[in-house]
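Report on one structure; see the data block that follows.
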Amino acid sequence: MRERFLTGYNDFVLPFVVGMLFVLTYCLVGLIRIIAQLPASDRKRFFLSLVTPKTMVKNVKDIFLKCLIHVDLWKRNKLLGYMHSSIAFGWFMLIVVGHIEVFLYTSHLGAKALYYPIFFRYFVAETESTMKGALIFFLMDFFLLVVLSGIVLAIIKRVRSRFFGMRRTTNPSFLDLIGLYSLWSIFPLRLLAESFTADISGGSFLTKSLNYVFTEFLSNHANMLPAWWAYSCALGIFFCVLPFTRYMHIPAEILLIPLRNAGIRIVNARKGFARAQVYSCPSCGLCIDACPMGVMKGNIRDTTVYLNRQIRRKNEPRIEEISDKCLLCGKCTAVCPVGVEGDKLRIAQRSTRRYNFGPDYSNIDTKLQSERCNKFVKKINNNVSRTDNERVLYFAGCMTALTPVIRKTTESVLTKAGVDYEMMDRDGGICCGRPMFMAGRFAQADELVAKNTEIIMNSGADVLLLSCPICYKIFRERYTLPGIEIIHHTEYFERLISDGRLKMRKSSTKYVFHDPCELGRGCGVYEQPRNVIAAAGEVVEAARNRKESICCGGSLGSLTLGFDKRRAMTENALSNLVAASPDRIVTACPLCLDTFARYSDRPVEDIAQVVDRASGYGKIS
Amino acid sequence: MDFGFKISPSSAINLDNVDLTKFEELHRMEPDVYKCMACGSCSATCPASPFSGMSMRKVITALQRGKEKEAVAMLRNCMLCGKCSMVCPRGINTRHLILSIFRIYREDGK
Amino acid sequence: MKENIVIIGGGIAGLEVAVQLLDLGYKPIVIEKRDRLGGHVADWNLLFPDMIPARDVVGNLIARASEANIFLNTEISFVNKLKDSYNIMLSNGISINTRIIVMTTGFALFDAAKKEEYGYGVYDQVMTNKDLEHWFNTGDDKRVNDSAMNAVGFVHCVGSRDEKARNPQCSKVCCITAIKQAIELKQRFPEAMVYCFYMDLRMFGKKYEDFYINAQRDYGIRFIRGRVSEVSENIDGRVIVKAEDTLSGKPVKVTLDLLVLMAGIICNTDSTRLANMVSLPIDSDGFLKSRDNVAEIIESPRDGIFYAGACTGPKTVPETLAEARAAALKVHLFIKGLK
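Residue numbers (our numbering), protein chains in the order written: chain A, 5 to 625; chain F, 67 to 176; chain G, 1136 to 1474.
Right, here's the structure in full:
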C-alpha cells in the first residue's frame, strides 16, 4: 500500500467537493426548517421518538428496508424493486466499503476525508496481495456491477416503461433530466476511471479485466486524468442539481420516516410534515397508473406526483386545480412506496382556501333530533334497562336517503336478528361532517361533529351502526363517543352471523365485492364483508381489489369533477369488477351503489340486500 | 311631516337596476349555473333545509334577481354533503357552485 | 310486385305500414320479436285524448294487416349488406333478400328501478305508468289496494329530462299520460287525493289543454310544481314523498297509498343493435338518426331504409300512425323508382 501523491490532492476533486458541500448545506438548512415548522407539540414528540428505543429501532429498520432495499417496491413489482434497490443499496455499499478502505489503509485524513474515499483508487495504490485487499477489491467491483445493472434497467424503463408493467410513467422536468443523466453517467465513468488505474492501484474482476482487454487505451495514462475529471464532474453536477430534482427524495425520505414513526400528521399545507412528504416524492409515477382519474388522459397531470412537483414550484393555480379535482380515494397513498399521503396533502391544500363567508350551525337545535331517537332513554322508556342485547342506534346517513333499499334491507336484517334498534335519522339528520372535512373546512366539520355527538350521547344507545363508509370514517377518526361502539353494517352483519343470531342460506350465486374507498383504504375493513357474502354465496375477486380497489367515480371527494366527467371512471371500475364474471356486484356504500347501478350491465347491490335475501327468521338451519 | 304611515319600498324586482357583476363572475367560474330549471330536487333533498330554509334552487334565482342577502342567509346552514349534486337532473355541480358563492359574495350579501 | 318489403317491428307503426302497403297491392313481411302484435299500445288501456280503448285501435290494425306475412317470436339474427340489397337472417332460420327495410322498432320504457331514490321494486306501494295500465286492463296488482286508496301521487319525468338517468330528453307523452291516468284513478277512487309532481307540464297536442283543465276543474287533481327527490316508507307501509313545492318555495311532504312513476321513453336496445347491423347512425339523443329532423324524419341516410314511429324519438299514437302512412307512400314511390 502506498500513497501515490504526497499532497493527496488533485484539482479534479473540486467539482465533487463543491457539489457535496452544497448539497450538505442545503439539506441541513432544510432539515432545520422543517423541524422548526412543526407545531411545538409535534416537535417535542419527534425528539422524544428519536431517543425512544422502540422507535429508534423502527427508524433504523425502516430506513434500511425502505430507502435502501425498497421492500415496498419489491412487493409490487420485482423488476422495479431490483432496479431501485440495486442503485440505492449498491451505491450505499460502495460508500460504506470505500470508507472502510480509507479507514484501514490511510491514517492521516483531515480535510481529505471529504473526497478521499470517493477517489481512493486514484490517490492510493494498493496491492491485492493481502487478503483484505483482495476482498475489498472484489466487493467494490461487485457493488459497482450491481449499480450498473440497475442503471441499465433504468435506461430501459425510461425508453420502454411497459417492460416494467407500468403503463405510464412521469414526464420528467428539465432539471430532473439533468439529474437523471448525471446520475446515469456517474457509475460508467467511475468504472472507466478505475479501469485506468487498475494496473497501478489494483482492481478486481471488473476494472482489472477491462484494463487488460482494452490495454491499448486504458493503459495509456495520458487518458487517465480526463476520466477522473469526468467522474468528479458527474458527481458534482448531480449533487448541485439534486435539491431541485426528484432526487431530493433520497435525503428527504430519511427525515420522513422518523417523522412518520413519531406519529406526526399533516397540519400545515406546505410546512413541516407536508413539506417533508412533498420532497420525499421520488416521481416514480406509480400513482399515475393507480389514479382512477387516469382513464381520461387529460387527468394524468393531476396525479399526486404532479401535485408534489407543483407544490415545490409554488404554482398556486395548478395546486388548486389538482387539489380540488381529486376524488380522495386514497389509492395513490396506498401504492406510494415512500408514503406520500396524496389525499391528506390535498385536503390540507383545500384548507388554505379563503372564503368570504361560510356556514355556521349555531342555530341548529339538536333537541328536536334527540327527541326523535329517544327509545333508549330510561326516563322515557322503562324497558330499556331490561334488555340484554346491545342497544343499537342506526344512522343511515344522508346518501342512504337516496338509496332507500339499503335502509329498508338493513332494518329488515336487524329485525330478523332480533336486534333492539332505533333509527337516528328516519326523518332526516345532520350530516356527519366528512364531506365538509374533505372540502378542507375543518372548523365547520367539527361543528357538525359536535351536533351529532350531542344527539348520540343523549340517545342512551351503546352501539352506533352506520351503513355509509363516508360517515363511518369520520365517526371513527374525529368523534369521541365514550362507551359507544362505532360499527359499520358489514362488520355488524358478520358479528350477527358468527354469533348465530342470523341464519344464512347459501346459494350458488357468484358475487364480487367492491371495496369502497372509505371502508377499505379508509378504515381497513376488508375481511368482514367477504365473510358475510361467503355465507350467502360464492365470492369471486375483482382484478384489482382490497387496497388497490378502483374508486367508483362517484366520490364526494372531488370538488370540481362534474357529473359528465365521471362516466369513464365508473365504466373502468366496473370492467375491473367483472373480471371473474360475477352474477352480481356487491358494495357497501350508498354512493358506490348509486354510481355503479347507473352504468352496470348486471345487478348491483348493497351487502344488506344480499344478507336480507339469504337470511330468514331463524327457520332456516 | 309624518302622516302616520310610510310608503314601503316596492317589493317588485326591477331588472333594469339589478347589479349582476358578481353573478357574471360566478357564471364565469360555474357556467352550469344557467342550466338550472328550478325543479327543486336539490331543495327537497337538502338536510339543511329544515334549519335555514336552504334551497339551492332559490339561491340561484335570488342571485340572478339581485337578492344576494336572501341567498347568503340560506347558504349559512349548508353542510356540503353533496346530496344536491347527486339528485340534480341537469348534472350541475352544486357543491362547487356553493363554494364559489362563498368565495365571490360577502357575508352581507354585497 | 315481387319486391320483398321487410317491416321490422309489429307495433302500431309496423302494422300501419303493412296495412297501407297491402292496400297499395304489396305483400309486406312483418317481423315481431314478441309473441303478439301491437307493441306497447297493446299493453295500454285507454288512449288520450278521446279515451278510446287501445284494444280497438290495435285490434283493427291487426285485422287489416292479417294478409301480410307475419313472423311472431322472431328476431333478426344478422343482416348482410349486398350490392344494392340486404340479406336478412331470421332467428327461425328463414333468410330474406330485400331492397327495402322499414324500421318500426319503437322504444323502450326507462327501467324505473334505476332511479334508486324512488324505491321501485323496494317499496310495495310504488309502480310505473305501465304497471298502472296493466292494472286498468286486468285489475290484478297487489300494489293497488282498493279498500284504502286515500292518496295517490304521480311523479313526472322519471328517467327523462335527467342526465343522471342518462336521458336528458323530454319523453313528450308522459305529461298527458299522467293526467289521463290521474283522471282514470280519480274516476275509480273519487274520494282519493291525487297529486301530480311535475317540473313543466307540456300540453302540446290537440285537446291536451282541455284535458288538463278537466283534471284541474272537474277532478280536483293537485298539481305540485317540484320534482320528487326522496321516497321513504312509514311504519304501516305507506310511502312518504318529499319534494319542494317550488311555487310556494317550501318543502312538501305527503303520505301516499300509491305512487306512480311516469317512466320515460328511451331508445330500444334492439333498435340500436339493428342499426349497427345495417350501419345506420344513432342520433345524440340515442334514437335512430334521420336524414334531417324537419322534412325527412322518416328517411334514413341509407337508400331503401325507412323509419316510422318511436324509433326516431318519443311519439304519440296519431303521430306514429301518420308517419307510418308516410313511410308506406315512400316505399311505394321508392319501388316505382327502381323500375
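Don't be surprised by glycine CBs; every beta carbon is placed ideally from N, CA and C. Here the structure is a predicted model, which means the values were calculated and not measured.
- Residue pairing from DSSP places A:D610 in a beta bridge opposite A:T591.
- Counting along the chain, the unbroken beta strand (DSSP E) around G:F1213 starts and ends at I1211 to K1216.
- Using beta-carbon distances, A:K161 does not count as an interface residue toward chain G, since no partner is under 7 Å.
- Residues of the region 1246-1278 of chain G with a Cβ closer than 7 Å to any Cβ of chain A, in chain order: K1249, E1251, E1252, G1254 and V1257.
- Assignment of G:I1417 by DSSP, reduced to helix, strand and coil, places it in the strand class.
- DSSP, reduced to helix, strand and coil, places A:H74 outside both helices and strands of the structure shown, so it counts as coil.
- Using a 10 angstroms sphere on the CB of G:E1431, the tally of other CB atoms stays under 16, which defines it as exposed.
- Under DSSP, G:A1286 forms a beta bridge with G:M1328.
- The Cβ atoms of A:T494 and A:I410 lie no closer than 7 Å to each other.
- Contact fails between the region 31-50 of chain A and the region 304-322 of chain A, because fewer than three Cβ pairs, one in each stretch, are under 8 Å apart.
- For a Cβ distance threshold of 8 Å, nothing in chain F lies close to G:R1337: the least Cβ distance comes to about 13 Å.
- Within the region 1240-1287 of chain G, complete beta strand (DSSP E) segments of at least 3 residues are found at 1242-1244 and 1261-1263, given in chain order.
- In this structure the region 437-445 of chain A does not touch the region 370-388 of chain A; the number of beta carbon pairs closer than 8 Å is below three.
- Bounds of any alpha helix (DSSP H) do not take in G:L1396; it lies within the beta strand (DSSP E) bounded by L1393 to A1398.
- The straight-line gap separating the alpha-carbon atoms of G:G1288 and G:R1357 is approximately 9 Å.
- By the Cβ neighbour-count rule, A:D66 is buried, with 16 or more other Cβ atoms within 10 Å of its own.
- For G:D1380, the enclosing beta strand (DSSP E) begins and ends at V1374 to D1380.
- With its beta carbon at least 7 Å from every one in chain G, A:V467 lies outside the interface.
- Any Cβ of chain A closer than 7 Å to the Cβ of F:E173 would place that residue at the interface, and such an atom is present.
- Here A:L98 has F147 as same chain residues with Cβ atoms under 6 Å from its own Cβ, once five neighbours each way along the sequence are excluded.
- Among the residues facing chain A, G:E1379 is not included, as its CB has no counterpart in that chain under 7 Å away.
- Against F:F89, chain A offers no close residue; the least beta-carbon distance is about 15 Å (beta-carbon pairs closer than 8 Å).
- For G:R1296, the chain F residues whose C-beta falls within less than 9 Å of its own C-beta are M103, C105, P155 and R156, listed in chain order.
- Counting the other Cβ atoms within 10 Å of the Cβ of A:N456 gives 16 or more, which makes it buried.
- Under the DSSP assignment, G:N1222 falls in the beta strand (DSSP E) whose first and last residues are Y1221 to L1225.
- Looking at A:Y476, A:G487, A:K477 and A:C596, the one whose alpha-carbon comes closest to that of A:D466 is A:G487.
- Taking 7 Å as the threshold, the shortest C-beta distance from A:L406 to chain G falls below it.
- Contact annotation: A:S186 and A:I241 have beta-carbon atoms nearer than 7 Å.
- For A:V409, the closest Cβ of chain G is nearer than 7 Å.
- Taking G:I1314 as reference, the option from G:P1303, G:E1344, G:N1208 and G:H1175 with the minimal CA-CA separation is G:E1344.
- Using beta-carbon distances, G:G1340 does not count as an interface residue toward chain F, since no partner is under 7 Å.
- Here A:D424 carries a strand assignment [DSSP, helix/strand/coil].
- The beta-bridge partner set that DSSP reports for G:L1181 consists of G:P1188.
- DSSP places A:F124 in the helix class (H, G or I) of the three-state scheme.
- Counting along the chain, A:Y216 sits inside no beta strand (DSSP E); it lies in the alpha helix (DSSP H) bounded by residues T211 to V217.
- Taking 7 Å as the threshold, the shortest C-beta distance from F:K133 to chain A does not fall below it.
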